[in-house]
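Colleague: The structure is given below, and queries will be raised subsequently.
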Amino acid sequence: MIRIAYVSTYPPRRCGLATFTEHLRQSIDGVRGPSDGDRVIVLYNESDGDDAYRHNPAYWPLPAQNRTAYAEMAKRVNESDIDVVVLQHEFGIFGGEAGEYILDFIAALEKPLVTTFHTVFAEPPLPYRPIQEKIAAASDAIIVMNRQAIPYLVKAFGLPEGKIVYIPHGAPGPSCESRESLRRRLGFSGRKVMFTFGLLSRGKGIESVLAALPGVIRRVPDTLYVIAGQTHPEVKKREGEAYRDELKALIHRLGLDGHVRMEDRYFSEEELIDYLTACDLYVTPYPGMQQITSGTLAYAVGVGRPVVSTPYEHARDLLRGCEELLLPYGDTARWEERLGQLLADEAALKRWEETVRQIGANTHWPRVGEQHVALFERVCAAKRGEVKAVGFVSH
Numbered sequence: 201m202i203r204i205a206y207v208s209t210y211p212p213r214r215c216g217l218a219t220f221t222e223h224l225r226q227s228i229d230g231v232r233g234p235s236d237g238d239r240v241i242v243l244y245n246e247s248d249g250d251d252a253y254r255h256n257p258a259y260w261p262l263p264a265q266n267r268t269a270y271a272e273m274a275k276r277v278n279e280s281d282i283d284v285v286v287l288q289h290e291f292g293i294f295g296g297e298a299g300e301y302i303l304d305f306i307a308a309l310e311k312p313l314v315t316t317f318h319t320v321f322a323e324p325p326l327p328y329r330p331i332q333e334k335i336a337a338a339s340d341a342i343i344v345m346n347r348q349a350i351p352y353l354v355k356a357f358g359l360p361e362g363k364i365v366y367i368p369h370g371a372p373g374p375s376c377e378s379r380e381s382l383r384r385r386l387g388f389s390g391r392k393v394m395f396t397f398g399l400l401s402r403g404k405g406i407e408s409v410l411a412a413l414p415g416v417i418r419r420v421p422d423t424l425y426v427i428a429g430q431t432h433p434e435v436k437k438r439e440g441e442a443y444r445d446e447l448k449a450l451i452h453r454l455g456l457d458g459h460v461r462m463e464d465r466y467f468s469e470e471e472l473i474d475y476l477t478a479c480d481l482y483v484t485p486y487p488g489m490q491q492i493t494s495g496t497l498a499y500a501v502g503v504g505r506p507v508v509s510t511p512y513e514h515a516r517d518l519l520r521g522c523e524e525l526l527l528p529y530g531d532t533a534r535w536e537e538r539l540g541q542l543l544a545d546e547a548a549l550k551r552w553e554e555t556v557r558q559i560g561a562n563t564h565w566p567r568v569g570e571q572h573v574a575l576f577e578r579v580c581a582a583k584r585g586e587v588k589a590v591g592f593v594s595h
């Protein structure tokens, strides 16, 4: 059995990467069975401490801002019986400018390295470019969660295409509880519910949906827009709840108090699945078209809910063939028309639900876990010289 060291943030820290890594680990354990030899190299901020990880032998805490700790951790991995290191890469979780400290870990590492890039640029800017280039060169295989990321990496860094593997962002399936029961329990009965979740910040485009909502309500008077999730902790440090207060003021100014529900709390995985299963439409109105990965979109599609979204990178890739569901950011008239039309037409919602469910079936965590395990086995075999080190590519 292959022994894996995951490098990432990890629960109880509340961030998308931590949750992703926990689910990836669970899905891999579900495929090949749990392994006492696996480790999680957990990035943590010294201000928060490592109490949640220190006393569990499965966790090897790594203080993100302590540069010398990175090479020391690589030495610990080298001296262990770990077979493959799986790096979940996001620039912001590592110390140094653009997370450059992770390069010290990689330079000292002697084990096979598989890197998942959670951010990929069409044209990588400074200071990110040289860091990502070095990580890509040192990795035995690279995982991306968007097919468009493959030509971006090939062009930017001259990588062989066979070194890059597309595996979709993992997602749960729908709730086991019936939609009717969920809708009663969540207070959705008699309403047409649009839903957005995630850590609240100005980059989510929520105000653009609010601008379109009065027109939607004129056509579908029982519309309810649910916005779920706490304010992003970094945003809260900078400006408190200023953005949430601005949204509340906009809701009141537009006369939407009876049509918008903001739920300012942490949502468990089970609650999110319940809300997604119960809603009529999932909405991601992001203004940034370069967003290569969206965990919230992956969840909505995995659960099989119809989605209306701006055409950012991940939405264009995951919703191929569903271009009617992609609308320009800030085009209030288009959003009014499409949201109103869908919420008023139950048959259309059902057709889109079936289409999205078929897409989502390929993203469920058990399937994603199988693909990761197969890749890790091939990387380890290549390192031992049993197979060629090329040909990993899976589109």
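Residue numbers (my numbering): 201 to 595. Cβ coordinates follow ideal geometry from the N, Cα and C atoms, glycine included.
What's the C-alpha gap between Arg505 and Asn266?
Modeller: On the sequence shown, position 305 is the one that residue 505 refers to. On the sequence shown, position 66 is the one that residue 266 refers to. One C-alpha to the other measures close to 43 Å.
Colleague: Use the C-beta contact count for Cys580: other C-beta atoms within 10 angstroms, 16 or more gives buried, fewer gives exposed.
Modeller: For the purposes of this step, residue 580 is identified with residue 380 of the sequence shown, where counting begins at 1. Buried, since its Cβ has 16 or more Cβ neighbours within 10 Å.
Colleague: Does Asp251 pass the burial test, meaning 16 or more other C-beta atoms within 10 Å, or should it be called exposed?
Modeller: Numbered from its first residue, the sequence shown carries residue 251 at position 51. Its Cβ having fewer than 16 others within 10 Å, Asp251 is exposed.
Colleague: If Ile282 and Arg214 are in contact, beta carbons under 8 Å, what's the gap, nearest whole angstrom?
Modeller: Within the sequence shown, numbered from 1, the residue matching residue 282 stands at position 82. Within the sequence shown, numbered from 1, the residue matching residue 214 stands at position 14. That pair is no contact at about 27 Å.
Colleague: I'd like to check one pair, Asp340 with Leu359: are the Cβ atoms closer than 8 Å?
Modeller: Indexing the sequence shown from 1 puts residue 359 at position 159. Indexing the sequence shown from 1 puts residue 340 at position 140. No, these two residues do not count as a Cβ contact at 8 Å.
Colleague: Rounded to whole angstroms, what's the CA-CA distance from Ala218 to Leu309? Just pull it up for me.
Modeller: As a position in the sequence shown, residue 218 is number 18, starting the count at 1. As a position in the sequence shown, residue 309 is number 109, starting the count at 1. Computed Cα separation, rounded: 22 Å.
Colleague: With DSSP run on the structure shown, which of helix, strand or coil describes Tyr270?
Modeller: The residue you call residue 270 lines up with position 70 of the sequence shown. It is helical.
Colleague: Going by the CB atoms, is the gap between Ala533 and Leu542 shorter than 8 Å?
Modeller: As a working note, residue 542 is residue 342 in the sequence shown. As a working note, residue 533 is residue 333 in the sequence shown. Taking 8 Å as the Cβ cut-off, Leu542 and Ala533 do not qualify as a contacting pair.
Colleague: Pop quiz: Ile293 and Thr315 are said to be a contact at Cβ under 8 Å. What is the actual Cβ separation, rounded to whole angstroms?
Modeller: For the purposes of this step, residue 293 is taken as residue 93 along the sequence shown, with counting starting at 1. For the purposes of this step, residue 315 is taken as residue 115 along the sequence shown, with counting starting at 1. No, Ile293 and Thr315 are not in contact; Cβ-Cβ is about 13 Å, not under 8 Å.
Colleague: Closer than 8 Å is the cut-off here; do at least three beta carbon pairs connect the region 232 to 246 with the region 254 to 261?
Modeller: The region 232 to 246 vs the region 254 to 261: in contact.
Colleague: Apart from the five residues just before and just after Arg276, which ones in its own chain have a Cβ nearer than 8 Å to its Cβ?
Modeller: Walking along the sequence shown from the start, residue 276 turns up at place 76. The answer, listed in chain order, is Trp260.
Colleague: According to DSSP, simplified to helix, strand and coil, what is Tyr466?
Modeller: Against the sequence shown, residue 466 aligns to sequence position 266. Here Tyr466 sits in coil by DSSP.
Colleague: I need the boundaries of the alpha helix (DSSP H) containing Thr555, first residue and last residue.
Modeller: By 1-based counting over the sequence shown, the position of residue 555 is 355. Run containing Thr555: Glu546 to Ala561, per the alpha helix (DSSP H) assignment.
Colleague: Can you tell which of Gly370, Phe305 and Pro351 has the C-alpha that lies nearest to the C-alpha of Ala338?
Modeller: Position 138 of the sequence shown, counted from the start, is the residue given in the question as residue 338. Considering only alpha carbons, the answer is Phe305.
Colleague: On a Cα-Cα basis, can you pick out the residue from Gly405, Leu326, Asn256 and His255 that is closest to Trp535?
Modeller: Within the sequence shown, the letter at position 335 stands for residue 535. Among Gly405, Leu326, Asn256 and His255, the Cα nearest to that of Trp535 is on Gly405.
Colleague: Quick check on the DSSP output: what are the complete beta strand (DSSP E) runs of length 3 or more inside the region 359 to 422, in order along the chain?
Modeller: Listed in chain order, they are 364 to 366 and 392 to 397.
Colleague: Rounded to a whole number of angstroms, what is the C-alpha to C-alpha distance between Pro211 and Lys355?
Modeller: The residue given as residue 211 occupies position 11 in the sequence shown. The residue given as residue 355 occupies position 155 in the sequence shown. Roughly 35 Å separates the two Cα atoms.
Colleague: Confirm, please, whether the CB-CB distance from Met345 to Asn479 is below 8 Å.
Modeller: Numbered from 1 along the sequence shown, position 279 holds the residue referred to as residue 479. Numbered from 1 along the sequence shown, position 145 holds the residue referred to as residue 345. A small fix is needed here, since residue 479 is Cys in this sequence, not Asn. No, the pair does not count as a contact, with Cβ atoms beyond the cut-off.
Colleague: So, with DSSP's three-state summary, where would you put His432?
Modeller: The sequence position of residue 432 within the sequence shown is 232, counting from 1. Three-state result, His432: coil.
Colleague: By the three-class DSSP mapping on this structure, what secondary structure does Arg425 have?
Modeller: Locating residue 425 in the sequence shown gives position 225, where the first residue counts as 1. The residue asked about is misnamed: residue 425 is Tyr in this sequence, not Arg. Of the three classes helix, strand and coil, the one that applies to Tyr425 here is strand, per DSSP.
Colleague: Assuming Tyr486 and Gly403 are in contact, meaning their beta carbons sit under 8 Å apart, how far apart are those beta carbons, in whole angstroms?
Modeller: Residue mapping note: residue 486 aligns to position 286 of the sequence shown, counting from 1. Residue mapping note: residue 403 aligns to position 203 of the sequence shown, counting from 1. Yes, they are in contact, since the Cβ atoms of Tyr486 and Gly403 sit about 7 Å apart, within 8 Å.
Colleague: Taking Cys522 as the reference, which of Tyr529, Glu553, Leu456 and Asp531 has the closest Cα?
Modeller: On the sequence shown, position 322 is the one that residue 522 refers to. Here the closest residue by C-alpha is Glu553.
Colleague: Based on DSSP bridge pairs, tell me the residues matched to Arg239.
Modeller: On the sequence shown, position 39 is the one that residue 239 refers to. Paired residue(s): Ala205.
Colleague: On the three-state DSSP scale, how would you describe Val344?
Modeller: Residue 344 sits at position 144 when you count from the first residue of the sequence shown. DSSP places Val344 in strand when its eight states are reduced to three.
Colleague: On the DSSP bridge list, what partners appear for Thr221?
Modeller: Working through the sequence shown from its first residue, we reach residue 221 at position 21. DSSP, once it has assigned bridges, lists no residue as partnering Thr221.
Colleague: Check each candidate in Thr477, Gly296, Pro372 and Ala264 and name the one with the smallest Cα separation from Phe220.
Modeller: Working through the sequence shown from its first residue, we reach residue 220 at position 20. Phe220 has its Cα closest to that of Pro372, out of Thr477, Gly296, Pro372 and Ala264.
Colleague: Which residue wins for smallest C-alpha separation from Ile451, given the options Glu407, Leu472, Arg347 and Val435?
Modeller: Along the sequence shown, read from residue 1 onward, the residue named residue 451 stands at position 251. Of the candidates Glu407, Leu472, Arg347 and Val435, the one whose C-alpha sits nearest the C-alpha of Ile451 is Glu407.
Colleague: Output the distance between the C-alpha atoms of Phe357 and Ala336, rounded to the nearest integer angstrom.
Modeller: Counting from one through the sequence shown, the residue named residue 357 turns up at place 157. Counting from one through the sequence shown, the residue named residue 336 turns up at place 136. So the two alpha carbons sit approximately 8 Å from each other.
Colleague: State the CB to CB distance for the pair Met201 and Ser235, rounded to an integer number of angstroms; the pair is presumed to be in contact (CB under 8 Å).
Modeller: For this step, residue 201 is matched to residue 1 along the sequence shown. For this step, residue 235 is matched to residue 35 along the sequence shown. Going by Cβ atoms, the distance from Met201 to Ser235 rounds to 5 Å, so yes, they are a contact pair.
Colleague: Using DSSP with H/G/I as helix, E/B as strand and the rest coil, what is His255?
Modeller: As a first step, residue 255 is located in the sequence shown; it is residue number 55 there, counting from the start. Three-state DSSP puts His255 in coil, outside helix and strand.
Colleague: Could you tell me the boundaries of the beta strand (DSSP E) in which His572 lies?
Modeller: Here residue 572 corresponds to residue number 372 of the sequence shown, with the count starting at 1. Run containing His572: none in the beta strand (DSSP E); it sits in the alpha helix (DSSP H), Trp565 to Lys583.
Colleague: At the level of alpha carbons, what is the spacing between Arg225 and His564?
Modeller: For the purposes of this step, residue 225 is identified with residue 25 of the sequence shown, where counting begins at 1. For the purposes of this step, residue 564 is identified with residue 364 of the sequence shown, where counting begins at 1. Approximately 14 Å, taken between the alpha carbons.
Colleague: DSSP on Tyr244, reduced to helix/strand/coil?
Modeller: Stepping through the sequence shown from its first residue, residue 244 is reached at position 44. Looking at Tyr244 - three-state DSSP - the assignment turns out to be strand.
Colleague: Buried or exposed: Ala597, going by 16 or more other Cβ atoms within 10 Å of its Cβ?
Modeller: Because the chain here runs from 201 to 595, residue 597 falls outside it and cannot be looked at.
Colleague: If you measure between the beta carbons of Leu400 and Asp474, is that distance less than 8 Å?
Modeller: Stepping through the sequence shown from its first residue, residue 400 is reached at position 200. Stepping through the sequence shown from its first residue, residue 474 is reached at position 274. Taking 8 Å as the Cβ cut-off, Leu400 and Asp474 do not qualify as a contacting pair.
Colleague: Between the C-alpha atoms of Ala449 and Leu526, what's the straight-line distance to the nearest angstrom?
Modeller: Indexing the sequence shown from 1 puts residue 449 at position 249. Indexing the sequence shown from 1 puts residue 526 at position 326. Taking the straight line joining both Cα atoms gives about 28 Å.
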